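Participant: Protein chains in written order, with the working numbering: chain A, 215 to 456; chain B, 215 to 456. The beta carbon of each residue, even a glycine, is placed where N, CA and C say it ideally should be. Computed from a prediction, not measured in an experiment: that's the story for all the values here. Starting off with a structure, shown below.
There are 2 protein chains.
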Amino acid sequence: MAPERQRSGVIPEPTVARLPIYQRIAAELARTGQSTVSSEQLAALAGVTAAKVRKDLAHLGQLGTRGTGYDAAQLVRGISEVMGVDQDWPVVIVGIGNLGRALINARGFLARGYRLVGLVDTDPRILGTEISGHTVVRFDELPARLADKVAIGIIATPASAAQDAADQLVALGAGSLLNFAPTVLMTPPQIRVRYVDLSIELQVLSHFALTDHPDAGAMSSVGIQPIGLPWTPAAEERGARS
Amino acid sequence: MAPERQRSGVIPEPTVARLPIYQRIAAELARTGQSTVSSEQLAALAGVTAAKVRKDLAHLGQLGTRGTGYDAAQLVRGISEVMGVDQDWPVVIVGIGNLGRALINARGFLARGYRLVGLVDTDPRILGTEISGHTVVRFDELPARLADKVAIGIIATPASAAQDAADQLVALGAGSLLNFAPTVLMTPPQIRVRYVDLSIELQVLSHFALTDHPDAGAMSSVGIQPIGLPWTPAAEERGARS
DNA sequence: CAATGTGAACAGTTTCACAGCT
DNA sequence: AGCTGTGAAACTGTTCACATTG
């Protein structure tokens, strides 16, 4: 029945978070002319173990060839497919401060399937401003400008405005929220919420620095943990690029 | 011997990532005059289960009182202590684009123990600019301006510059790195690296939206998962604050 | 014979249920 | 009676080792 791909059961969250990393690496290798990758090489470049790479990729179906490795281009396609990057995801960003702008401008963030359809703020100084082809409006002006339902809402407001933003986004049909504000959101259970709390990241780092915890080099969301990798002992020439 | 606190073994990473959330809630409750909190209430506000709250807090030692709950103020102090927020953590930010500025300005990010000591970039247009009391300089000018070793380096550069930034930060003594660039860093094994990859967050959301995965409402780094909480069915009055 | 795919052992977290204080 | 602290059970994810395949 099914065309082939997508093995069967659900893919564990840590695996889902690692797949985009493998994809990025595979894409880069393909770009530089390497057509096949081994789990070993992928592991070294992603900072994980080879066994983990194989278990992770096995969730995509029989993607590799024994004795040879994985086809880089096919890997990229396969991962795009399970991540849903091929679909169309209308995105609204609420809160056009520095963080909101960073998200709008970051290369690779609003790429491929993630289509910006609205920018919301309340600061009179930036209302009406045009950014990246979109005019910043208040929430009540947004519906008139939207052709489709919102799929993903990004909350880049101060904590005090986050819950309201979430309510409005849900009302606009957003089924998924990405919240950068340091607050826990109250949402109906069917809404997927993902939190990125920058101050927590710092605190986790300082905690592990304090306790000198050996496995502290863990990933935030991605679950990666670059273990003692080939490290060039501090580049010779010191011309800081930023 | 030991004054009391800090039970014994290491605190599991998921717990460490949740502690700041409990702290925020406890601080807010204390501020509004509530002196004690139950694990139940904390759980409801943090979007986790009460059992998890108790297990988590048990790592801080005997902090609660049976039959009563936890003392809010004491909770705040206890968590500050294990997170290392009381210590002094000199921070350098590399990459003063929108993201870097967002981090500099975000309330609650560079608070308490996290002390900004340097801003690095290479763009001639912003070199020499004064932001938040710090002049943006190139890496080679930084050592002359630093009184202390760097503890935490924040990488907010494009991916192409991230590895170089990491090398330089390590050379300046940074033992912990927070990397926002979409790259895996090669660092000596004793360096703690934490990754926040914004594009991965979006992809994880779309994947779970696609597969309609029931427990998709997971936290990025924090491991929180707000489960069907008391949800006010979309605020009545629609005045979007951003 | 190199490298994947995977069952089985292992490790780490969460949940449960209740003993133990206050 | 109420609520914490915690062993034990359940669950989830990782590592290991190797059978399997091209």
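Can you name the start and end residues of the alpha helix (DSSP H) that P402/A belongs to?
Facilitator: Here residue 402/A refers to the residue found at position 188 of the first sequence. Looking at the DSSP string, P402/A is not in any alpha helix (DSSP H), and its letter there is neither H nor E.
Participant: Name, please, each residue of chain A whose Cβ falls closer than 9 Å to the Cβ of S420/B.
Facilitator: Reading the second sequence from its first residue, position 206 is the one you call residue 420/B. By Cβ distance, chain A contributes M297, G298, V299, Q301, W303, G327, Y328, A365, I366 and S390.
Participant: Looking at C-alpha atoms only, which residue of V296/B, L383/B and A240/B is the closest neighbour of A423/A?
Facilitator: Here residue 423/A is taken as the residue at index 209 of the first sequence, counted from 1. Of V296/B, L383/B and A240/B, the residue nearest in Cα terms is V296/B.
Participant: Pick helix, strand or coil for D411/B, following the three-state DSSP scheme.
Facilitator: For the purposes of this step, residue 411/B is taken as the residue at position 197 of the second sequence. Residue state, collapsed to three classes: coil.
Participant: Rounding to the nearest angstrom, what Cα-Cα distance links R268/B and P228/B in this structure?
Facilitator: One-based indexing of the second sequence puts residue 268/B at position 54. One-based indexing of the second sequence puts residue 228/B at position 14. Distance between the alpha carbons of R268/B and P228/B is about 14 Å.
Participant: Less than 7 Å separating the beta-carbons of S390/A and I366/A?
Facilitator: Here residue 390/A refers to the residue found at position 176 of the first sequence. Here residue 366/A refers to the residue found at position 152 of the first sequence. For S390/A and I366/A, yes; Cβs fall inside 7 Å.
Participant: Buried or exposed: K363/B, going by 16 or more other Cβ atoms within 10 Å of its Cβ?
Facilitator: Your numbering for residue 363/B matches position 149 in the second sequence. Counting Cβ neighbours within 10 Å, K363/B comes out exposed, since fewer than 16 surround it.
Participant: Using the beta-carbon of each residue, which ones in chain A are nearer than 7 Å to E415/B?
Facilitator: Locating residue 415/B in the second sequence gives position 201, counting from the first residue. Correct list: L392, R408, V410 and S435.
Participant: In three-state terms, what does DSSP make of E227/B?
Facilitator: Here residue 227/B refers to the residue found at position 13 when the second sequence is read from its first residue. In this structure, E227/B counts as helix in the three-state DSSP scheme.
Participant: By Cβ distance below 8 Å, which residues in the same chain neighbour A286/B in space, the five residues on each side in sequence not counted?
Facilitator: Here residue 286/B corresponds to residue number 72 of the second sequence, with the count starting at 1. Contacts found: A240, A241, L243, A244, Q248, S249, T250 and V251.
Participant: Is there contact between the stretch 391-408 of chain A and the stretch 270-281 of chain B, where contact requires at least three CB pairs shorter than 8 Å?
Facilitator: no
Participant: Take R352/B as the anchor and find which of P402/B, D337/B and I318/B has the nearest alpha-carbon.
Facilitator: On the second sequence, residue 352/B is found 138 positions in, with the first residue counted as 1. Comparing Cα-Cα distances from R352/B to each of P402/B, D337/B and I318/B, the minimum goes to D337/B.
Participant: According to DSSP, simplified to helix, strand and coil, what is L392/A?
Facilitator: Counting from one through the first sequence, the residue named residue 392/A turns up at place 178. L392/A: strand per DSSP, three-state reduction.
Participant: Strictly under 7 Å for the Cβ-Cβ distance: is A265/A near chain B by that measure?
Facilitator: By 1-based counting over the first sequence, the position of residue 265/A is 51. Output row for A265/A: interface = no.
Participant: Whole angstroms are fine: how far does the CA of N312/A sit from the CA of H348/A?
Facilitator: As a working mapping, residue 348/A is identified with position 134 in the first sequence. As a working mapping, residue 312/A is identified with position 98 in the first sequence. Each residue's CA atom was taken as its position, placing H348/A and N312/A some 16 Å apart.
Participant: Quick one: what's got a C-beta closer than 6 Å to L259/A's C-beta in the same chain, skipping five residues either side?
Facilitator: As a working note, residue 259/A is residue 45 in the first sequence. The answer, listed in chain order, is I239.
Participant: What is the rounded straight-line gap between the Cα of Q237/B and the Cα of R329/A?
Facilitator: Numbered from 1 along the second sequence, position 23 holds the residue referred to as residue 237/B. Numbered from 1 along the first sequence, position 115 holds the residue referred to as residue 329/A. Between Q237/B and R329/A, the C-alpha separation is close to 36 Å.
Participant: For a quick check, are the C-beta atoms of G332/A and L356/A less than 7 Å apart?
Facilitator: In the first sequence, residue 332/A corresponds to position 118, counting from 1. In the first sequence, residue 356/A corresponds to position 142, counting from 1. G332/A places its beta carbon less than 7 Å from that of L356/A.
Participant: Under three-state DSSP, which class holds I307/B?
Facilitator: Locating residue 307/B in the second sequence gives position 93, counting from the first residue. I307/B falls in the strand class under three-state DSSP.
Participant: Could you check what DSSP says for I340/A in three-state terms: helix, strand or coil?
Facilitator: On the first sequence, position 126 is the one that residue 340/A refers to. Reduced to three states, the DSSP call for I340/A is coil.
Participant: On the criterion of 16 or more Cβ atoms from any shown chain inside 10 Å, does A430/A qualify as buried, or is it exposed?
Facilitator: Taking the first sequence and counting its residues from 1, the one referred to as residue 430/A is at position 216. Since pLDDT at A430/A reaches only 43, below the 50 mark, its modelled position is unreliable, and the value read off the structure follows with that caveat. Classification of A430/A: buried, given that the 10 Å Cβ count is 16 or more.
Participant: Could you please give the first and the last residue of the uninterrupted alpha helix (DSSP H) stretch that includes R359/B?
Facilitator: Residue 359/B sits at position 145 when you count from the first residue of the second sequence. First-last of the alpha helix (DSSP H) with R359/B: L356 to R359.
Participant: Starting from the C-beta of G223/B, find all residues in its chain whose C-beta is less than 7 Å away, skip the five residues before and the five after it, and write them out in chain order.
Facilitator: The residue you call residue 223/B lines up with position 9 of the second sequence. Same-chain partners within the cutoff: there are none.
Participant: Going by beta-carbon coordinates alone, are G298/A and S413/B separated by less than 7 Å?
Facilitator: Stepping through the first sequence from its first residue, residue 298/A is reached at position 84. Stepping through the second sequence from its first residue, residue 413/B is reached at position 199. Contact: no.
Participant: Would you give the residue range spanned by the beta strand (DSSP E) that V334/A belongs to?
Facilitator: Here residue 334/A is taken as the residue at index 120 of the first sequence, counted from 1. Unbroken beta strand (DSSP E) run through V334/A: Y328 to V334.
Participant: When the distance is taken between beta carbons, is E415/A closer than 7 Å to V410/B?
Facilitator: As a first step, residue 410/B is located in the second sequence; it is residue number 196 there, counting from the start. As a first step, residue 415/A is located in the first sequence; it is residue number 201 there, counting from the start. Closer than 7 Å, so yes.
Participant: DSSP three-state call for G283/A: helix, strand or coil?
Facilitator: The sequence position of residue 283/A within the first sequence is 69, counting from 1. Of the three classes helix, strand and coil, the one that applies to G283/A here is strand, per DSSP.
Participant: With the cut-off set at 7 Å, would you say A361/B and T371/B are in Cβ contact?
Facilitator: For the purposes of this step, residue 361/B is taken as residue 147 along the second sequence, with counting starting at 1. For the purposes of this step, residue 371/B is taken as residue 157 along the second sequence, with counting starting at 1. With respect to the 7 Å criterion, A361/B and T371/B are not classified as neighbours on the basis of their beta carbons.
Participant: Which of the three DSSP states, helix, strand or coil, is assigned to G367/A?
Facilitator: The sequence position of residue 367/A within the first sequence is 153, counting from 1. Reduced to three states, the DSSP call for G367/A is strand.
Participant: Determine whether the beta carbon atoms of G292/A and L274/A lie at a separation below 7 Å.
Facilitator: Taking the first sequence and counting its residues from 1, one reaches residue 292/A at position 78. Taking the first sequence and counting its residues from 1, one reaches residue 274/A at position 60. If you check the CB distance, G292/A and L274/A come in under 7 Å.
Participant: With 16 as the cutoff for other CB atoms within 10 Å, does P304/A come out buried or exposed?
Facilitator: Taking the first residue of the first sequence as 1, we reach residue 304/A at position 90. It counts as buried.
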